[in-house]
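Enquirer: Just dropping this structure here.
There are 6 protein chains.
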Amino acid sequence: MIPLPAVVLEEVVRRALLEDLGPGGDPSGALVAGDAMARGEIVAREAGVIAGLEAVALAFHLVDASVAVLPKVREGAHVAAGTVLVSLDGPAAGMLAAERTALNLLARMSGVASATAHLVERLQGLRARVLCTRKTMPGLRALDKYAVRLGGGVNHRLGLGDGVLIKDNHIALAGSVGEAIQRVKGRVGPMCPIEVEVEDLAGLEEALAGGVAMILLDNMTPGQCAAAVRLVAGCVPLEASGGITVDNVRAYGEAGVDYLSAGWLTHSARALDCSLDMRGL
Amino acid sequence: MIPLPAVVLEEVVRRALLEDLGPGGDPSGALVAGDAMARGEIVAREAGVIAGLEAVALAFHLVDASVAVLPKVREGAHVAAGTVLVSLDGPAAGMLAAERTALNLLARMSGVASATAHLVERLQGLRARVLCTRKTMPGLRALDKYAVRLGGGVNHRLGLGDGVLIKDNHIALAGSVGEAIQRVKGRVGPMCPIEVEVEDLAGLEEALAGGVAMILLDNMTPGQCAAAVRLVAGCVPLEASGGITVDNVRAYGEAGVDYLSAGWLTHSARALDCSLDMRGL
Amino acid sequence: MIPLPAVVLEEVVRRALLEDLGPGGDPSGALVAGDAMARGEIVAREAGVIAGLEAVALAFHLVDASVAVLPKVREGAHVAAGTVLVSLDGPAAGMLAAERTALNLLARMSGVASATAHLVERLQGLRARVLCTRKTMPGLRALDKYAVRLGGGVNHRLGLGDGVLIKDNHIALAGSVGEAIQRVKGRVGPMCPIEVEVEDLAGLEEALAGGVAMILLDNMTPGQCAAAVRLVAGCVPLEASGGITVDNVRAYGEAGVDYLSAGWLTHSARALDCSLDMRGL
Amino acid sequence: MIPLPAVVLEEVVRRALLEDLGPGGDPSGALVAGDAMARGEIVAREAGVIAGLEAVALAFHLVDASVAVLPKVREGAHVAAGTVLVSLDGPAAGMLAAERTALNLLARMSGVASATAHLVERLQGLRARVLCTRKTMPGLRALDKYAVRLGGGVNHRLGLGDGVLIKDNHIALAGSVGEAIQRVKGRVGPMCPIEVEVEDLAGLEEALAGGVAMILLDNMTPGQCAAAVRLVAGCVPLEASGGITVDNVRAYGEAGVDYLSAGWLTHSARALDCSLDMRGL
Amino acid sequence: MIPLPAVVLEEVVRRALLEDLGPGGDPSGALVAGDAMARGEIVAREAGVIAGLEAVALAFHLVDASVAVLPKVREGAHVAAGTVLVSLDGPAAGMLAAERTALNLLARMSGVASATAHLVERLQGLRARVLCTRKTMPGLRALDKYAVRLGGGVNHRLGLGDGVLIKDNHIALAGSVGEAIQRVKGRVGPMCPIEVEVEDLAGLEEALAGGVAMILLDNMTPGQCAAAVRLVAGCVPLEASGGITVDNVRAYGEAGVDYLSAGWLTHSARALDCSLDMRGL
Amino acid sequence: MIPLPAVVLEEVVRRALLEDLGPGGDPSGALVAGDAMARGEIVAREAGVIAGLEAVALAFHLVDASVAVLPKVREGAHVAAGTVLVSLDGPAAGMLAAERTALNLLARMSGVASATAHLVERLQGLRARVLCTRKTMPGLRALDKYAVRLGGGVNHRLGLGDGVLIKDNHIALAGSVGEAIQRVKGRVGPMCPIEVEVEDLAGLEEALAGGVAMILLDNMTPGQCAAAVRLVAGCVPLEASGGITVDNVRAYGEAGVDYLSAGWLTHSARALDCSLDMRGL
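Chains as they are written, first to last, in the numbering used here: chain A, 1 to 281; chain B, 282 to 562; chain C, 563 to 843; chain D, 844 to 1124; chain E, 1125 to 1405; chain F, 1406 to 1686.
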């Protein structure tokens, strides 16, 4: 699995803590003595795939480095409701102050990973893989991409620079699919793959003629996708996109496409319900 | 309406652009001449409440200050599917490069505003108001809070510092509701209101005795909430929380509570579907 | 006591170090061998309340993590002139490079804490408490608020968002005290208390009628404050502000107000005189 | 006059705004309609030297670029109490939201400039000039240094890197004044002047023998300073430091030293009292 | 040409200005009256390809927005020694303060573009294109990549994430070229191309068998490269790397490889000599 | 030696890592198991002066704190080609992800140090010392200045604020060398030395008359420099600049000047060739 480097994660966790702590810290910390110690457990309140254990540890450590954070499951684990994910031991005030930020990160990341895993599970036995998009939460691109990987998906483009996806707007500006492909091809480097989005078999043939690294079948039915698969005959990977849900994903997979992408994995994933239970010492 | 200051918004938009643009800019810009001009329209592909028009303008301007961005609806408008939200006019390359970031911001903010408005609409004619929580997307607290306001909701705490919500963990650490209230009261300032979370009428009575600014009824049924309303008799505002949905929100509102809060407005809101259609000039 | 989270403090200490160190580091470090070790003691050269021991430790550690920093008094201690506050042991060059930044932070924070404590001491036996304002040093809001708490004061608003203080300008824009209160009340959330500033008993009555969480008596004499206290009769907390000094603070406190606020605690506090004495090993 | 570059100022103003605005903006903005316009005047409530007019303009513009900010005096002006410094015209909500930050910056910078000017005025007719130190407010080094210049003072070191001031600790580590000078001299560049702090005439002679760019007379009386001036006979500039106040500064100046430095100009300056008066349109 | 987005450039220019201006601004600005105006011309003192005109404009504008900056050549132009690149008109002090930063950016970016163009020119008439690497100046990745494009080169990977280049270390860890390819292939997304570095024809055959998007011929002679070209027969693009210079680049190009990469374009490019000549008004 | 403070270095290393890692981390990490361990050695592939060992350690630690980084030579060492500089031991994935950033920093810093050392070596036995300029790589000022020191050079100005170098443009604006000196002298502080650039002996006499801390002989031949040395007769240090190379530096040194400065040390230094060899465990 491709890990999330600490230096990247830290930027996000610091920012999240600072927006919650503000200039006043946590006044509820007034409730405990400065040296009061506590223990706590973070529990998954629903089943899912866990992502963000490092983010949790960092959130507590950046508030108070002496909070001991012990993961009880491994990153990427599929857990049942009620599973203890992390145990905590340390100063009560720091634990209270970092709680919400830690849970927000864990719930978001696990939510994305779990949504991805739902799609992946439905594809069992098929070759099709689940892709994410650039429709990520602003500021959380790296975490969203990592969570998709943990859920069993693979990343499509990480940012604008690492590939070109020729879409409607590009075609409108260039005049035709073929012209768009040619213009880009002559100017981008060899590590910048080109994909074209097509809406029907006519577009598909134009794309094939242009020569691209991948073709996106946009808003086609599984039946249309199957026809596209037959037409392409393995010459270039096919991605289906548009309206992919847990309910219809298998039909698309059975149509024989190589990839299925879904923007909602990152722009509309439901957070995984997690909570922290503390007790004094 | 309480506006979102430009200086706050700008931090978020810059960060979002930088994570998408990376060190390579937008290679699809190679497809158009450097001085090619284009027009475009951002369209809502489903009905909802629009939030983030300033974010859209800023996203385009920070990539290329010469893109003209003209809102066609006002911030907070309830629009039908197909409504043109923004028209654009300027350099094609800059428009392409900022497109995804602008749409991601608009879709997120409008998604939160629309989810809030759904709850607010169901409460029509009742006194109850919709509250958000601190379960916001990491790094997007200010935008999420603003989108809730645009959707007709009101903000609960903005961060840890501006109020104390005494919950399970605090009570466990302090020993009792009353003790928790007393400890906090003596130590926080007069602009830091104290709210207590209770799970039943016994807890409610203890909270009333302690004297707090608001009481949160956690995971109670509408019926239990109505009993709580009768018990409190207007002495202190009541907030109901836990499992509030579009389906049951009116029942809670009719129970007579003052506020209804829902974490999912910000941690699990569905993005509003928006797109940009461009054409060359 | 409400602590200052490490992540918040670190931002300030890094920035302070970077502006002093610049691109050339500390050329006086040329004076010692790279592996020369030293010991040092930070001493209070006047009596006061100590705040910023964590900031001191962080300043040394961010320059050279191997400097051992050992506090000799606890945060918030009232110390006499000549008291050793911190002992240091480690590389001489790092100690020299961080010295001024560490002392600047300690002197500022202890200065604010000590000024606050001066007011607090004069109020001994009275119910009135000392409040700070938003007139803090730009960029040091969190440290200033924390230092006030260490000095025995309580924080008023931490930022604009956590409460509304209706002042002259608001009243001028709204038309009247009552109108201002009504407009705000309908639009802010339940954790955003409203306070009104009044200049005489007529204004006080208007404020009482409007129903607010606190009333600020602006530039009134202790005698006028006492009249206000009688009028209000405990219905709402009263804050006196404007020209509060160490000399007159007790008179205000004896007038019976609940809070006394003084902007100078943070905008004009005198730094506490501290120094570092080093010796080679 | 050496100006304060916009890019340097902007960093500070953004940070100051963000810490005050937080994730909730200014809820008092709810009091006015979104398009309500207002006029305002910033007034000096006491006499002083004005510094920070650019900071004021920037604070308003970063919150709302459409607020017109018109300075009525020039930067560095000596003004009487009651002088209008700035007039404002624009959206009322933005004006309210930026008010406190703008005033905090203006009051701080004008306070430092005014304190400096007080010392400078007492030296009229003498050659001695007023110096600041590195005892500046953490994070505000550039603004403090600039305000000192506006008040008629000159800057000593801007940071650690641009000069070496050999003090007690350096001498303790090197073994002697002479040894300290020699070690530094061999290792720093030609644009890094060396100054030595001495406490008596014996130290002064040692410093003279070492050959330095300036000598600091620490905690000497005016009489001792005069003796030092005679001894040095113009070979090297002399700076007196330690306990310099408005009351004794002229005596030091008359002793013939070239520079007088005072840390309190920046670590303990009193803010200049300023306020903003608004009215609706 | 793929442009450099303003938001990306601005980060770099701000940082460069801040490290040069420091807390003291430009004391040489003391030499002119605050309102003194000047004109200036930036001149290329040697022939080359110009890159960074936007950076120059931004450097002046961030110090003083009223400096008018007028480019006299277009970005990417090949100019002769003595060509006027930019004319300036505005406040003298701001022009002086931004001069060095503006020139440093222009000289660096033009140096990289010119070095690239030197290689590109030597390949005239051949199909081979010039590639850059990730051996860029720390913090200047985006500017370096853009300058290479302006010089006529194309970008290889922008960062680690947008492709995999399997090198010695990867092969050592995986056990063999084939194993390395298989492990990566199964785990990265479809927009993440895989390239393998080989040192001889045996490695080349193993790479071909593995199926990759490109193969890098490392430290081979032009003769060995020609053999590789024959072996591969157009099945996969070939990149030659290692010791490519202006002198031998054409021999490599004539060997028939598709790409030639040179780390020194960005890690060791010579700055283009530029200067600013000012005169008062 | 004047060290590079950790807090300064860390800013640069974080930024460099973030631009390389991007939102996708290192996909080549997919090639090894998450817990795979490796050893590695960083080797100098050519002779030179080593600078940046702390940067290397930090680059690995910020990606994965458990990578053990052990320097095998000391900072500033002159090493032969093939020398092992650092040994590494820890998780393979983290080692791969940080490799390029660590090497880029090491190669740049060692390149600058080595270039400086080349000049310094040619001056053996002479009094002349090697100076750097402000022509540093944007964003790397502190690292470049430090590397020059490690190479045996001394730093000229660190930024604009710590000295004034009166050049052509200043003289053009002030009217004459003498006028320029006088205007600056009256306005800058005593720790801000003034140097004047002259082009011939007439200018030199004018500069001597004005009284400055140092004089720069611009673009003079060694013979002209020798004449200048005789004229000045030790009254003020002389710096020669313009076209200084490894070949002619000794001639300039023998002319008797005190300092020789060369912009190319930092704007055009060649990176030192280094590589990392890893093996699995």
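We put the CB at the ideal spot given by N, CA and C, even for glycine.
According to DSSP, which residues form a beta bridge with histidine 1202 of chain E?
Expert: Mapped onto the fifth sequence, residue 1202 of chain E falls at position 78. Histidine 1202 of chain E is bridged to E:Val1173.
Enquirer: Kindly list, in the order they appear in chain B, the residues whose Cβ is closer than 9 Å to that of proline 799 of chain C.
Expert: Within the third sequence, residue 799 of chain C is the residue found at index 237, counting from 1. Simply Pro471.
Enquirer: Are the beta-carbon atoms of valine 538 of chain B and cysteine 516 of chain B separated by less than 9 Å?
Expert: Numbered from its first residue, the second sequence carries residue 538 of chain B at position 257. Numbered from its first residue, the second sequence carries residue 516 of chain B at position 235. Contact flag unset, no.
Enquirer: Taking Cβ to Cβ, would you say asparagine 1062 of chain D is nearer than 9 Å to glutamate 1042 of chain D?
Expert: Indexing the fourth sequence from 1 puts residue 1062 of chain D at position 219. Indexing the fourth sequence from 1 puts residue 1042 of chain D at position 199. Yes, the Cβ-Cβ distance between asparagine 1062 of chain D and glutamate 1042 of chain D is below 9 Å.
Enquirer: Does the distance from the CB of glycine 937 of chain D to the CB of valine 910 of chain D come in under 9 Å?
Expert: In the fourth sequence, residue 937 of chain D corresponds to position 94, counting from 1. In the fourth sequence, residue 910 of chain D corresponds to position 67, counting from 1. Yes, these two residues count as a Cβ contact at 9 Å.
Enquirer: Our contact map puts isoleucine 564 of chain C next to arginine 464 of chain B with C-beta atoms below 8 Å; I'd like the distance itself, whole angstroms only.
Expert: The residue given as residue 564 of chain C occupies position 2 in the third sequence. The residue given as residue 464 of chain B occupies position 183 in the second sequence. In fact, because the Cβ distance is near 12 Å, the residues do not count as touching under 8 Å.
Enquirer: Skipping 5 residues on each side, what residues in its chain have a beta carbon closer than 6 Å to that of proline 1476 of chain F?
Expert: Translated into positions along the sixth sequence, residue 1476 of chain F becomes position 71. Answer for proline 1476 of chain F: Leu1458, Val1491, listed in chain order.
Enquirer: Between the Cα of arginine 141 of chain A and the Cα atoms of B:Thr364, B:Glu300, B:Leu546, which residue gives the shortest distance?
Expert: As a working note, residue 141 of chain A is residue 141 in the first sequence. Minimum Cα distance to arginine 141 of chain A is reached at B:Glu300.
Enquirer: Tell me, please, whether the CB atom of methionine 1542 of chain F is closer than 9 Å to any CB atom in chain E?
Expert: Position 137 of the sixth sequence holds residue 1542 of chain F. Chain E contact via Cβ: present.
Enquirer: When burial is assigned at 16 or more other CB atoms within 10 Å of the CB, is alanine 1615 of chain F buried or exposed?
Expert: One-based indexing of the sixth sequence puts residue 1615 of chain F at position 210. As written in the sequence, residue 1615 of chain F is glycine, which differs from the alanine given in the question. By the 10 Å Cβ count, glycine 1615 of chain F comes out buried.
Enquirer: Going by Cα to Cα distance, which pick from C:Val569, C:Gly586, C:Gly721, C:Leu624 is closest to alanine 59 of chain A?
Expert: For the purposes of this step, residue 59 of chain A is identified with residue 59 of the first sequence, where counting begins at 1. Nearest of C:Val569, C:Gly586, C:Gly721, C:Leu624 to alanine 59 of chain A, Cα basis: C:Val569.
Enquirer: For methionine 1619 of chain F, decide whether its Cβ has a neighbour in chain C, counting only Cβ atoms nearer than 9 Å.
Expert: The residue you call residue 1619 of chain F lines up with position 214 of the sixth sequence. Answer no: the Cβ-Cβ gap between methionine 1619 of chain F and chain C never drops below 9 Å.
Enquirer: Could you tell me which residues DSSP puts in a beta bridge with tyrosine 821 of chain C?
Expert: The residue given as residue 821 of chain C occupies position 259 in the third sequence. Tyrosine 821 of chain C pairs with C:Arg691, C:Glu801.
Enquirer: Where does the unbroken beta strand (DSSP E) through methionine 1161 of chain E begin, and where does it stop?
Expert: The sequence position of residue 1161 of chain E within the fifth sequence is 37, counting from 1. Note, methionine 1161 of chain E: beta strand (DSSP E), 1161–1168.
Enquirer: Listing by chain order, which chain A residues have their CB less than 9 Å from the CB of arginine 1687 of chain F?
Expert: Residue numbering for chain F in the displayed model covers 1406 to 1686; residue 1687 of chain F lies beyond these limits and cannot be assessed.
Enquirer: Pull out every residue of the region 566–591 of chain C whose Cβ sits closer than 7 Å to any Cβ of chain D, in chain order.
Expert: Against chain D - using a Cβ distance shorter than 7 Å - the residues of the region 566–591 of chain C are Val574, Arg577, Ala578, Glu581, Asp582, Leu583, Gly584, Pro585, Gly586, Gly587, Asp588, Pro589, Ser590.
Enquirer: Quick check on DSSP: helix, strand or coil for alanine 911 of chain D?
Expert: Along the fourth sequence, one-based indexing puts residue 911 of chain D at 68. Of the three classes helix, strand and coil, the one that applies to alanine 911 of chain D here is strand, per DSSP.
Enquirer: Report the start-end ranges of each beta strand (DSSP E) in the region 968–1025 of chain D that is 3 residues or longer and not cut off at the edges.
Expert: 972–974, 1007–1009, all fully within the region 968–1025 of chain D.
Enquirer: Would you please state the rounded distance, in angstroms, between the beta carbons of methionine 214 of chain A and histidine 1280 of chain E? I believe it to be under 8 Å.
Expert: Here residue 214 of chain A refers to the residue found at position 214 of the first sequence. Here residue 1280 of chain E refers to the residue found at position 156 of the fifth sequence. So it is not a contact: roughly 20 Å between Cβ atoms.
Enquirer: Output yes or no for whether 9 Å exceeds the beta carbon distance between valine 503 of chain B and alanine 536 of chain B.
Expert: Here residue 503 of chain B is taken as the residue at index 222 of the second sequence, counted from 1. Here residue 536 of chain B is taken as the residue at index 255 of the second sequence, counted from 1. Position check: residue 503 of chain B holds proline in this sequence, whereas valine was assumed. Yes. Within cutoff.
Enquirer: My output table needs one value for arginine 279 of chain A: the three-state DSSP class, helix, strand or coil.
Expert: Position 279 of the first sequence, counted from the start, is the residue given in the question as residue 279 of chain A. It is a strand residue.
Enquirer: Please classify leucine 512 of chain B as buried or exposed, where buried requires at least 16 neighbouring CB atoms within 10 angstroms.
Expert: One-based indexing of the second sequence puts residue 512 of chain B at position 231. Its Cβ having fewer than 16 others within 10 Å, leucine 512 of chain B is exposed.
Enquirer: Let me make sure I understand the geometry here. Which of B:Gly561, B:Ala332, B:Ser556 has the alpha-carbon closest to that of leucine 384 of chain B?
Expert: Position 103 of the second sequence, counting from 1, holds the residue named residue 384 of chain B. Among B:Gly561, B:Ala332, B:Ser556, the Cα nearest to that of leucine 384 of chain B belongs to B:Ser556.
Enquirer: I'd like to confirm the pairing. Which residues does DSSP put opposite serine 87 of chain A in its beta bridges?
Expert: The count along the first sequence starts at 1 and reaches residue 87 of chain A at position 87. A:Glu41, A:Leu70.
Enquirer: If cysteine 958 of chain D sits next to leucine 1108 of chain D, beta carbons under 8 Å apart, how far is it from one beta carbon to the other, in whole angstroms?
Expert: The residue given as residue 958 of chain D occupies position 115 in the fourth sequence. The residue given as residue 1108 of chain D occupies position 265 in the fourth sequence. Inspection of the sequence shows that residue 958 of chain D is occupied by alanine rather than by cysteine. Alanine 958 of chain D to leucine 1108 of chain D, Cβ: 5 Å. Contact.
Enquirer: With 16 other CB atoms within 10 Å as the buried threshold, where does valine 774 of chain C fall?
Expert: Within the third sequence, the letter at position 212 stands for residue 774 of chain C. So valine 774 of chain C counts as buried.
Enquirer: If you follow the alpha helix (DSSP H) that methionine 214 of chain A is part of, which residue opens it and which one closes it?
Expert: If you number the first sequence from 1, residue 214 of chain A lands on position 214. Element bounds for methionine 214 of chain A: not the alpha helix (DSSP H) but the beta strand (DSSP E), 214–218.
Enquirer: Could you tell me the boundaries of the beta strand (DSSP E) in which glutamate 757 of chain C lies?
Expert: For the purposes of this step, residue 757 of chain C is taken as residue 195 along the third sequence, with counting starting at 1. It spans 756–760 - the beta strand (DSSP E) in which glutamate 757 of chain C sits, taken as one unbroken run.
Enquirer: From A:Val79, A:Lys145, A:Leu217, pick the residue whose C-alpha is nearest to that of isoleucine 42 of chain A; which is it?
Expert: Working through the first sequence from its first residue, we reach residue 42 of chain A at position 42. Considering only alpha carbons, the answer is A:Val79.
Enquirer: In chain I, which residues lie with their C-beta within 8 Å of the C-beta of valine 716 of chain C?
Expert: In the displayed structure, chain I is absent; the protein chains listed are A, B, C, D, E and F.
Enquirer: Terminal residues of the continuous alpha helix (DSSP H) containing threonine 663 of chain C?
Expert: Translated into positions along the third sequence, residue 663 of chain C becomes position 101. Per DSSP, threonine 663 of chain C belongs to the alpha helix (DSSP H) from 654–684.
Enquirer: When the cut-off is 9 Å and only beta carbons count, does isoleucine 447 of chain B lie next to chain A?
Expert: As a working note, residue 447 of chain B is residue 166 in the second sequence. Chain A contact via Cβ: present.
Enquirer: Tell me the residue span of the alpha helix (DSSP H) that contains glycine 1639 of chain F.
Expert: Taking the first residue of the sixth sequence as 1, we reach residue 1639 of chain F at position 234. Taken as a continuous stretch (DSSP letters only), glycine 1639 of chain F belongs to no alpha helix (DSSP H), as it is neither H nor E.
Enquirer: Give the DSSP bridge partners of cysteine 1117 of chain D, in chain order.
Expert: By one-based count along the fourth sequence, residue 1117 of chain D stands at place 274. The partner list for cysteine 1117 of chain D (beta bridge, DSSP) reads D:Ala887.
Enquirer: If you draw a straight line from the alpha carbon of valine 1478 of chain F to that of arginine 100 of chain A, how long is it in whole angstroms?
Expert: In the sixth sequence, counting from the first residue as 1, residue 1478 of chain F sits at position 73. In the first sequence, counting from the first residue as 1, residue 100 of chain A sits at position 100. Rounded to the nearest angstrom, the two C-alpha atoms are 46 Å apart.
Enquirer: Any chance the region 1547–1560 of chain F sits against the region 1575–1584 of chain F, with 3 or more Cβ pairs inside 8 Å?
Expert: Result no; under three Cβ-Cβ pairs closer than 8 Å.
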